[in-house]
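In my numbering, the protein residues as written are 1 to 360.
Backbone N, C-alpha and C fix where the C-beta goes; we use that ideal spot for every residue, glycine too.
Worksheet for the structure shown next.
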């Protein structure tokens with residue numbers, strides 16, 4: 001539906017490539033011009049209605065508009081994009097210069113070949129592109145530091161009093177309290193609560209599940225479940241649930257977080273949720289292996305910090321026991337190959353690849 005919407009809004013390259021476009025679109029993996037992007041951002045300035053940009057010599061009402069977003073969803077985006085406290089605010093913007101009341105979004109392409117910044121208010125939508133026509137990257141080029149200050153200056157020049165009029169909150173857009181970490185409805189264990197916009201009967205009503213009650217040994221070095229918890233000599237503590245992928249990210253970037261201790265090694269329960277995540281090999285991938293000098297394939301996974309050991313299986317046959325975070329290698333046979341990864345809590349994940357032996 002997203003691809004079709006862009007195609008209907010005259011994104012010509014998207015229309016041409018729509019059968020082969022996938023999830024990489026969200027990272028900019030599709031062709032778009034400055035005019036097309038600026039036209040699409042004007043949707044936010046027009047209560048969710050899209051009109052194809054037209055070059056005019058005089059004022060005109062333009063073509064009939066097409067509904068892309070609801071007024072409530074549009075307003076929520078406007079409020080988000082108009083916040084000043086954000087990572088992409090230009091640090092080189094002088095505090096003595098006037099900050100226009102606009103909503104804006106920046107972008108920097110891979111290799112710093114392009115710097116983008118598109119902003120809008122009720123009167124104007126402006127798109128900025130900075131770069132070399134040759135496509136050569138520049139180390140200092142970024143949307144936040146190069147394109148956005150220029151965007152601010154343009155709005156100050158053509159619409160200096162833009163802060164006198166802003167978008168009106170629609171009647172079907174309301175405010176509620178949410179958990180400041182998850183954005184879900186708060187529960188008693190939430191450590192921070194803030195307010196946020198929502199659309200009644202449409203926005204999620206899910207309650208926050210960021211915290212879970214953990215059964216711990218008195219020294220907090222072992223966790224228990226309902227199956228293995230002793231009759232006495234344990235305590236309860238609320239702790240944050242962190243997925244294996246996020247734990248791996250925190251560890252790689254040396255970000256401190258509270259780790260849930262390892263589970264009781266004597267427990268005989270088989271767990272179902274929170275199993276390992278296989279990161280290599282990639283599911284569905286075809287590997288070309290040299291017949292003469294076969295290269296081994298990497299086996300790796302992300303697992304929770306409550307896991308001590310990982311067990312690898314190849315085509316349903318046991319291959320190796322490994323420590324969490326370690327990298328293992330194996331030389332596959334030709335044809336379809338099933339890779340299985342099981343942790344010491346009995347949770348399993350499978351992935352399939354295809355191997356083709358070639359003369360290299």
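Proximal residues to residue i (C-beta, below 8 Å), its chain only, five neighbours per side dropped
{"i": "residue 236", "result": "213, 214, 215 and 216"}
{"i": "residue 73", "result": "48 and 199"}
{"i": "residue 37", "result": "116, 118 and 127"}
{"i": "residue 137", "result": "111, 112 and 113"}
{"i": "residue 120", "result": "41, 42, 44, 45, 102, 103, 104 and 126"}
{"i": "residue 71", "result": "47, 48, 170, 172 and 173"}
{"i": "residue 218", "result": "233, 234 and 235"}
Chain-order list of residues whose beta-carbon lies under 7 Å from that of residue i (same chain, five-residue window excluded)
{"i": "residue 279", "result": "300, 301 and 302"}
{"i": "residue 7", "result": "14, 15 and 18"}
{"i": "residue 52", "result": "10, 39 and 63"}
{"i": "residue 248", "result": "302"}
{"i": "residue 5", "result": "68"}
{"i": "residue 181", "result": "192 and 210"}
{"i": "residue 220", "result": "261"}
Cα-Cα separation, residue i to residue j
{"i": "residue 125", "j": "residue 140", "result": "26 Å"}
{"i": "residue 285", "j": "residue 149", "result": "44 Å"}
{"i": "residue 306", "j": "residue 350", "result": "20 Å"}
{"i": "residue 352", "j": "residue 283", "result": "5 Å"}
{"i": "residue 144", "j": "residue 155", "result": "16 Å"}
{"i": "residue 127", "j": "residue 321", "result": "55 Å"}
{"i": "residue 311", "j": "residue 342", "result": "5 Å"}
{"i": "residue 110", "j": "residue 33", "result": "16 Å"}
{"i": "residue 157", "j": "residue 171", "result": "33 Å"}
{"i": "residue 230", "j": "residue 267", "result": "11 Å"}
{"i": "residue 340", "j": "residue 348", "result": "7 Å"}
{"i": "residue 1", "j": "residue 269", "result": "43 Å"}
{"i": "residue 75", "j": "residue 281", "result": "43 Å"}
{"i": "residue 146", "j": "residue 334", "result": "52 Å"}
{"i": "residue 88", "j": "residue 26", "result": "18 Å"}
{"i": "residue 355", "j": "residue 338", "result": "11 Å"}
{"i": "residue 331", "j": "residue 274", "result": "29 Å"}
{"i": "residue 65", "j": "residue 204", "result": "29 Å"}
{"i": "residue 58", "j": "residue 256", "result": "59 Å"}
{"i": "residue 82", "j": "residue 92", "result": "18 Å"}
{"i": "residue 35", "j": "residue 336", "result": "47 Å"}
{"i": "residue 253", "j": "residue 246", "result": "11 Å"}
{"i": "residue 84", "j": "residue 226", "result": "48 Å"}
{"i": "residue 56", "j": "residue 123", "result": "16 Å"}
Test item: CB-CB of residue i and residue j under 9 Å
{"i": "residue 115", "j": "residue 135", "result": "no"}
{"i": "residue 308", "j": "residue 251", "result": "no"}
{"i": "residue 304", "j": "residue 261", "result": "no"}
{"i": "residue 361", "j": "residue 276", "result": "This structure gives no information on residue 361, because the portion of the chain shown stretches from 1 to 360."}
{"i": "residue 160", "j": "residue 105", "result": "no"}
{"i": "residue 152", "j": "residue 103", "result": "no"}
{"i": "residue 259", "j": "residue 211", "result": "no"}
{"i": "residue 108", "j": "residue 142", "result": "yes"}
{"i": "residue 21", "j": "residue 3", "result": "yes"}
{"i": "residue 327", "j": "residue 298", "result": "yes"}
{"i": "residue 31", "j": "residue 12", "result": "yes"}
Bridge partner(s) assigned by DSSP for residue i
{"i": "residue 318", "result": "313"}
{"i": "residue 178", "result": "194"}
{"i": "residue 352", "result": "338"}
{"i": "residue 239", "result": "212"}
{"i": "residue 106", "result": "117"}
{"i": "residue 130", "result": "115"}
{"i": "residue 286", "result": "354"}
{"i": "residue 302", "result": "277"}
{"i": "residue 323", "result": "309"}
{"i": "residue 223", "result": "216 and 263"}
{"i": "residue 124", "result": "Residue 124 pairs with nothing; no bridge assigned."}
Sequence-distant residues of the same chain with beta carbon closer than 6 Å to residue i, five excluded per side
{"i": "residue 264", "result": "222, 224 and 228"}
{"i": "residue 190", "result": "179 and 208"}
{"i": "residue 358", "result": "288"}
{"i": "residue 206", "result": "184"}
Proximity test, residue i beta-carbon vs the ligand FMN heavy atom, cut-off 8 Å
{"i": "residue 143", "result": "Absence of the ligand FMN is noted for the structure shown, with no ligands found whatsoever."}
Worksheet entry | Given 8 Å, three or more beta-carbon pairs between the stretch 41–51 and the stretch 173–182 | no
Discussion item. Using a Cβ distance threshold of 8 Å, determine whether the stretch 96–111 contacts the stretch 195–204, with at least three qualifying pairs required.
Written reply: no
Worksheet item: Is it true that the stretch 184–191 meets the stretch 158–167, where meeting means three or more beta-carbon pairs spaced less than 8 Å apart?
Response: no
Practice prompt. Check whether the stretch 279–294 touches the stretch 304–317, taking contact to mean three or more Cβ pairs, one atom from each stretch, closer than 8 Å.
Written response: no
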